[in-house]
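Quick note on this note's numbering: the sequence shown kicks off at 46 and runs consecutively.
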Amino acid sequence: MTAFTELVFSGVQPTGNLHLGNYLGAIKRFVEMQEREAQCLYCVVDMHAITLWQDPAALKGQIREVTAAFLAAGIDPKRSIVFNQSQVPAHAELAWIFNCVARLGWLNRMTQFKDKAGKDRENASVGLYAYPVLMAADILAYRATHVPVGEDQKQHLELTRDIAQKFNNDFSESISAHGHDAGSGFFPITEPLIGGPAARVMSLRDGTKKMSKSDPSDNSRINLTDEADTIANKVRKAKTDPEPLPSETAGLAARPEADNLVGIFAALKGVTRDEVLADYGGAQFSAFKGALVELAVETLAPIASEMKRLVADTDYIDSVLADGSERAEAIAAPTLDAVKDIVGFVRRGPRLRAVR
Numbered sequence: 046m047t048a049f050t051e052l053v054f055s056g057v058q059p060t061g062n063l064h065l066g067n068y069l070g071a072i073k074r075f076v077e078m079q080e081r082e083a084q085c086l087y088c089v090v091d092m093h094a095i096t097l098w099q100d101p102a103a104l105k106g107q108i109r110e111v112t113a114a115f116l117a118a119g120i121d122p123k124r125s126i127v128f129n130q131s132q133v134p135a136h137a138e139l140a141w142i143f144n145c146v147a148r149l150g151w152l153n154r155m156t157q158f159k160d161k162a163g164k165d166r167e168n169a170s171v172g173l174y175a176y177p178v179l180m181a182a183d184i185l186a187y188r189a190t191h192v193p194v195g196e197d198q199k200q201h202l203e204l205t206r207d208i209a210q211k212f213n214n215d216f217s218e219s220i221s222a223h224g225h226d227a228g229s230g231f232f233p234i235t236e237p238l239i240g241g242p243a244a245r246v247m248s249l250r251d252g253t254k255k256m257s258k259s260d261p262s263d264n265s266r267i268n269l270t271d272e273a274d275t276i277a278n279k280v281r282k283a284k285t286d287p288e289p290l291p292s293e294t295a296g297l298a299a300r301p302e303a304d305n306l307v308g309i310f311a312a313l314k315g316v317t318r319d320e321v322l323a324d325y326g327g328a329q330f331s332a333f334k335g336a337l338v339e340l341a342v343e344t345l346a347p348i349a350s351e352m353k354r355l356v357a358d359t360d361y362i363d364s365v366l367a368d369g370s371e372r373a374e375a376i377a378a379p380t381l382d383a384v385k386d387i388v389g390f391v392r393r394g395p396r397l398r399a400v401r
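Shown next as structure tokens:
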């Protein structure tokens, strides 16, 4: 890994109804990662969104909404690169090359395709099946060294690592012939950045199910656009059990709803579950929920307000995406040029700047 400059890449799909799980599992971490010395790229992965049919007018609004959420939560578009995937052609071009590197057996093992396609897999789009290869291209177009991942994306990152390794092995002689260090490989073997105390946020109505925008009950999730009163209402109505909170985390093991609420509190406050239970162990849920309401409203209501302001300013949002896409392309285009040379394509010549 020492041959590669540290770079962090991550993306969020613009499929509407961003919620607390998206914030705690991804966006909050993006803000924190700006403090690393590494370059951070945060992408609205609109090409991934269309693996399932999207209404075109709605999709455009959702791309802007995710961008607004990034900015409202504290991502600085000058310090980090904020852009949407479809504005950088290298993602799609590199994905095709990786389609020819990845093996069918690797994709057949991807559990997320099986979950999303369901029983009617023959009618699923090819894009949904090949989604993990595009994800690998998203990451490796920037030769990213680190990617923050949740539980549901770990398998896809493993595929990214497999593709990088196979490319490095298959083209080792050409990599060396074109002046790159074949010993380190052209692509890094990207490392995961594992989430914090609430990387996986569960439903407020069922602690065994992940919080999801597709849940028919709006009370199952806190949306990032919810007003303060709505947030308070949903927390107070969140499912619990009749026992008081335990004093140690071991006592949460068989209590999914209690574990979820304690995890949410810990993540919002930036502390551990143990620290939360040190303060609230033995308390009834009514008292704990009151504290959680105060913390959630204090954290999330300003984000909701700023999101609404930013979404209304489409010119500004579009300018952020345009600027970010230019900066992203300045990194990705030379990588793609180098890959084309390594693979053996004939091209017009160098663009922007050479890959070092």
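Glycine included, C-beta positions come from ideal geometry on N, C-alpha and C.
message = So for F54, helix, strand or coil by DSSP?
response = strand
query = Which value, in whole angstroms, describes the spacing of the CA atoms of D360 and D368?
reply = 12 Å
query = Per DSSP, C145 forms a beta bridge with which residues?
reply = According to DSSP, which records beta bridges pairwise, C145 is partnered with nothing at all.
request  = Classify N214 as buried or exposed, calling it buried when 16 or more other Cβ atoms lie within 10 Å of its own Cβ.
outcome  = exposed
query = Of the residues E203, D274 and A140, which one's Cα is nearest the Cα of T156?
reply = E203
message = Mapping the DSSP letters down to three states, classify E236 as helix, strand or coil.
response = strand
query = Hey, H64 and K258: beta-carbon distance below 8 Å or not?
reply = yes
request  = Report back the beta-carbon spacing between L452 and L381 to the nearest angstrom; my notes put them in contact at under 8 Å.
outcome  = Given that the chain is displayed from residue 46 to residue 401, the structure contains no residue 452 and the question cannot be resolved.
query = So, using beta-carbon positions, are I348 and L269 closer together than 8 Å?
reply = yes
request  = Measure the C-alpha to C-alpha separation of G315 and N278 and round it to an integer number of angstroms.
outcome  = 23 Å
ask   = How is V384 classed by DSSP in three states: helix, strand or coil?
value = helix
task = Let me know if S331 comes out buried or exposed under the rule of 16 or more other beta-carbons within 10 Å of its beta-carbon.
result = exposed
For L86, three-class secondary structure by DSSP = strand
query = Are L152 and P134 touching if we call contact CB-CB under 8 Å?
reply = no
key: Sequence-distant residues of the same chain with beta carbon closer than 7 Å to P291, five excluded per side   = L297, L322 and G326
query = Assuming V111 contacts P59 under a Cβ cut-off of 8 Å, what Cβ separation, rounded to an integer in Å, is found between them?
reply = 5 Å
task = Taking V127 as part of the beta strand (DSSP E), name the residues at either end of that continuous run.
result = I126 to N129
ask   = Among all the DSSP beta bridges, which residues are the ones paired with K255?
value = M247
inquiry  = I'd like the span of the beta strand (DSSP E) that includes P193, first residue to last.
reply    = H191 to V194
ask   = Whole-angstrom Cβ separation of D226 and A48, contact assumed at under 8 Å?
value = 6 Å
query = Mind checking G150: buried by the 16 CB within 10 Å criterion, or exposed?
reply = exposed
request  = Can you have a look at N305 and say buried or exposed, based on whether 16 or more other CB atoms are within 10 angstroms of its CB?
outcome  = buried
For S219 and V391, the rounded distance between their alpha carbons = 14 Å
message = On the CB-based measure, 16 or more other CB atoms within 10 Å of its CB, does G389 come out buried or exposed?
response = exposed
query = With C-beta atoms as the reference, is D91 less than 8 Å away from S55?
reply = no
query = So E110 is in the alpha helix (DSSP H); what residue range does that whole segment cover?
reply = P101 to A118
inquiry  = Just to confirm before moving on: does the CB-CB distance between T235 and H191 stay below 8 Å?
reply    = yes
ask   = What residue from E288, G308, K73 and K123 has the CA that sits closest to L249's CA?
value = G308
request  = Thinking I120 and R372 are a contact (beta carbons under 8 Å), I'd like their distance in whole angstroms, please.
outcome  = Contact doesn't hold; Cβ gap of about 14 Å is too wide.
Inter-residue Cα distance where the pair is V384 and R124 = 28 Å
query = Does DSSP put T60 in a helix, a strand or coil?
reply = coil
query = Rounded to a whole number of angstroms, what is the C-alpha to C-alpha distance between L185 and P237?
reply = 13 Å
ask   = Should the segment 165 to 177 be regarded as contacting the segment 89 to 107, the criterion being three or more beta carbon pairs within less than 8 Å?
value = yes
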